[in-house]
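Residue numbers for the sequence shown follow our numbering, beginning at 50 and rising by one. Quick reminder that beta carbons are idealized off the backbone N, C-alpha and C, glycines included. Treat the numbers as computed from the prediction; the structure is a model and nothing was measured. The block underneath contains the structure these notes are about, expressed in structure tokens.
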Amino acid sequence: ASRGGVLYKKGVRLNLSPEYTAGANVEYSFPVFGDKDIRIYTSANYTSESAVRGVTNGRTIVVESDELLLGRAGVSLDADRWSAGLFVDNFTDENGAAQRATGLPRSFDTRLRPRTTGIQFDYRY
């Protein structure tokens, strides 16, 4: 219980709502092998810090996340009903905390998945 304290003063953002977010992507494709295309793409998403406010033992606690910049890139061979490609998620290997654990050690923070590379196959029916 807040015991009559004010958790959110006027103008304070709600829990987990960053002040700024932005995203950008670039994609280029060109024909190869008749009806197939090579597609090259990259994207980036930025999220500013966000806070979580709560009450613990009658005290207001504010815990802030890190600001995050995530990138993805890839290349694929696309046909009418299928595509096959390679991708890299989190190519900068961002290690920020998307959410901090209130009152717990940093090892309990919600962290981003580290740089991940993979192969992706899609079939559309």
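Nearest-angstrom beta carbon gap, residue j and residue i [assumed within contact, 8 angstroms]
i	j	result
residue 111	residue 100	5 angstroms
residue 90	residue 122	7 angstroms
residue 88	residue 125	5 angstroms
residue 57	residue 102	7 angstroms
Cut-off 6 angstroms between Cβ atoms - residues of its own chain near residue i, not counting five sequence neighbours on either side
i	result
residue 158	146, 149 and 150
residue 131	172
Backbone secondary structure at residue i - three-state DSSP
i	result
residue 156	helix
residue 50	The predicted position of residue 50 is uncertain, since its pLDDT is 48 and thus under 50; no value can be drawn from it.
residue 176	Outside the displayed range of the chain (50 to 174) lies residue 176, so it cannot be described from this structure.
residue 113	strand
residue 94	strand
residue 130	coil
residue 161	coil
residue 102	strand
residue 108	strand
residue 60	coil
residue 150	coil
Residue(s) in a DSSP beta bridge with residue i
i	result
residue 124	89 and 135
residue 68	Partner(s): none; residue 68 has no beta bridge.
residue 79	87
residue 170	133
residue 141	None, per the DSSP bridge assignment.
Residue i vs residue j beta-carbon contact at 7 angstroms
i	j	result
residue 167	residue 140	no
residue 70	residue 105	no
residue 84	residue 78	no
residue 60	residue 94	no
Same chain only: Cβ atoms within 8 angstroms of residue i, ignoring 5 sequence neighbours per side
i	result
residue 162	138 and 139
7 angstroms CB neighbourhood of residue i in its chain, flanking five on each side removed
i	result
residue 98	67, 113, 114, 115 and 116
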